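Under my numbering, residues -11 to 431 are what the sequence shown spells out, in order. Down below is the structure, laid out as structure tokens.
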Amino acid sequence: MSRSQWGSRAGFILASAGSAIGLGAVWKFPYITATQGGGSFLFIYLICCLVLGLTLMATEMALGRAAHSSPIGAFRKLGNPGWALTGVVGVLVAFLILSFYSVVGGWTVAYLVKSITGGIATSIDPKHNSEAFVQFITDPWSPIVYHFIFGLLTFGIVIFGVEKGIERISKYLMSLLLVLMLLLILRNLTLPGAWEGVEFFLTPDFSKVTKETWLEAMGLSFFSLSLGIGIMITYGSYVDAKSNLISSSAWVIGLTLLTCILAGFMVLPAVFAFGFEPSAGPGLTFITMPAVFASMPFSGFFATLFFVLLLVAALTSSISLLEVMVSFFIDELKLSRYVAGIISFALFFIVGCTASLSLGVWDNPAHHIFGLNIFDFLDKLTQNILMPLGEVSLTLFCAWVAWKSHLAEQLFSSAKLANLFRLMLGVVVPVIIVAVFVVNVIL
Ligand code: TRP
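Right, here's the structure in full:
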């Protein structure tokens, strides 16, 4: 059976970028950069995206195109059922990520509602904004209601099969998000004290680099590029034989990096100008942006527009995660799309509730796992442990098991380049990932 294909190469690149660009770039990247020391983190993150990210994304796409199949099927077809376990772990990771992703998606919905009703863009006072944020996320009910709304939106889009429609409009909305971010950056740079933030963001201070910086940068590069769970394998399975996968990956990575860097310029200078705490953690974007809006004319309008666009970016990512779960239930357990959707929604909603509560009423040692609250545990477990391990398995599989199954010619026409790439894939990349992993997690 021939698989349906993307309408065009641009359609394929934009759909992959839609999955990649989301809360990872706008919410996670600024706060991790701030806690990990600024410029030096940016530098290491860029290396991870360009060296590891490019190799891995192109390989995932090539595997999908060579096998013409979803991740589990691809591992089974070009390897054996044992390797399919990598695909199954990918489904589990998609589920765990979606659980806390939907909670943060819910924060976005909440801030959108607050922008419309005039509840947020009122203060440039750091204390007021962080108290408002903490009060919101520690409330037992309201973040869960918004988590449900975000989950329901994701569920609705996937179940009613309107992803294509969303993708079509999302490219306009995502471009608008980038333009709006540029505008907000221009506003920020004229604030007194903003340059301190620019310097912090761009000047590497390598004395701040620790082994953890490498783990966070590597994990974030996988997270922000939607790698490590086989999403790009699925996308690659719909690509026509002519599209160049290396340059397609470079496009997706370039667009994601652009968004991350704009997000950095949008948040960090404001953090310094308004005197916020750079190490505020996961709330950084949500605490800082209201102050930016408060310092502008038409603050309610800009705040609303920003959170609508951020919500669209988050949804185009969350639907790619939910699709992984839903296709698993359909293909492996032969469930209908609707039932598969309901089960997936129930699972990630419940685990998401525990993550949300762990930031408030359950934030005590009795509810900690390895010393972390459930939200942080899910985040670290997926980003810094399961995704790197998934990628090691993928690299070894592709370089040493499936390479002969037409993988090389998906990527290069020259045999020399293909061999070089194989060395990178089968030795260099897994050694780097394992080294960073072992130094941090095991030693
Ligand atoms: N990349 C998305 C973001 O940054 C999140 C995401 C979607 C993701 N699909 C993924 C992360 C697959 C890891 C793996 O918002």
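Where is the CB? At the ideal position from N, CA and C, for every residue including glycine. Remember, predicted model here, so these are calculated numbers, not experimental data.
For the ligand GTP, residues whose Cβ lies under 6 Å from any non-hydrogen atom: What this structure holds is the ligand TRP, not the ligand GTP.
Proximity winner among Gly(-1), Trp(-6) and Pro278, relative to Trp239 (alpha-carbon distances): Minimum Cα distance to Trp239 is reached at Gly(-1).
Any alpha helix (DSSP H) of 4 or more consecutive residues that is wholly inside the segment 344 to 369: Here the runs fully enclosed are 362 to 368.
Start-end ranges of the alpha helix (DSSP H) lying completely within the segment 383 to 423, minimum 4 residues: Entirely contained in the segment 383 to 423, the alpha helix (DSSP H) runs reaching 4 residues are, in chain order, 396 to 399 and 403 to 411.
Bounding residues of the alpha helix (DSSP H) (the contiguous stretch that carries Val280): Looking at the DSSP string, the run of the alpha helix (DSSP H) that includes Val280 is Leu272 to Ala282.
Straight-line gap, Val417 to Leu34 (C-alpha atoms, nearest Å): Distance between the alpha carbons of Val417 and Leu34 is about 15 Å.
Meets three-Cβ-pair contact criterion under 8 Å: the segment 281 to 289 and the segment 40 to 58: These segments do not touch.
Candidates Ser158, Val255, Asn428 and Ala302, of which the one nearest Phe189 by Cα: For Phe189, the closest C-alpha among the options Ser158, Val255, Asn428 and Ala302 is that of Val255.
Alpha-carbon to alpha-carbon, Cys248 and Pro180: Roughly 23 Å separates the two Cα atoms.
Straight-line Cα distance separating Leu366 from Phe88: Rounded to the nearest whole angstrom, the C-alpha separation of Phe88 and Leu366 is 7 Å.
Neighbour flag for Ile330 against chain C, beta carbons, 8 Å: Although the question refers to chain C, the structure presented lacks it and comprises just one protein chain.
Inter-residue Cα distance where the pair is Trp(-6) and Leu140: About 27 Å.
Three-way DSSP call (helix, strand, coil) for Asn68 in this model: Reduced to three states, the DSSP call for Asn68 is coil.
Status (buried if at least 16 other CB within 10 Å, exposed otherwise) for Phe425: Using a 10 angstroms sphere on the CB of Phe425, the tally of other CB atoms reaches 16 or more, which defines it as buried.
Ordered list of alpha helix (DSSP H) runs contained in the segment 219 to 275, each at least 4 residues: The DSSP assignment places complete alpha helix (DSSP H) segments of no fewer than 4 residues inside the segment 219 to 275 at 219 to 224 and 233 to 262, in order along the chain.
The segment 127 to 137 touching the segment 204 to 222, judged by at least three CB pairs closer than 8 Å: Segments in contact, no.
Neighbour-count burial assignment, Trp183, 16 or more Cβ in a 10 Å radius: With fewer than 16 Cβ atoms within 10 Å of its Cβ, Trp183 is classed as exposed.
Between the CA atoms of Thr21 and Thr244 - distance to the nearest angstrom: In a straight line, the C-alpha of Thr244 is about 15 Å away from that of Thr21.
Beta-carbon contacts of Gly394 that lie in its chain and below 6 Å, excluding the five residues immediately before and after: Looking at the sequence itself, residue 394 is His, so the reference to Gly does not match. Hits under 6 Å: Ala54.
Test item: CB-CB of Gly329 and Ile154 under 8 Å: The Cβ-Cβ distance between Gly329 and Ile154 does not fall below 8 Å.
8 Å Cβ shell around Leu246 - same chain, five flanking residues per side excluded: Once the five neighbours on either side are set aside, the close Cβ partners of Leu246 are Leu166.
Straight-line Cα distance separating Thr342 from His356: In this structure, the straight-line span from the alpha carbon of His356 to that of Thr342 is close to 11 Å.
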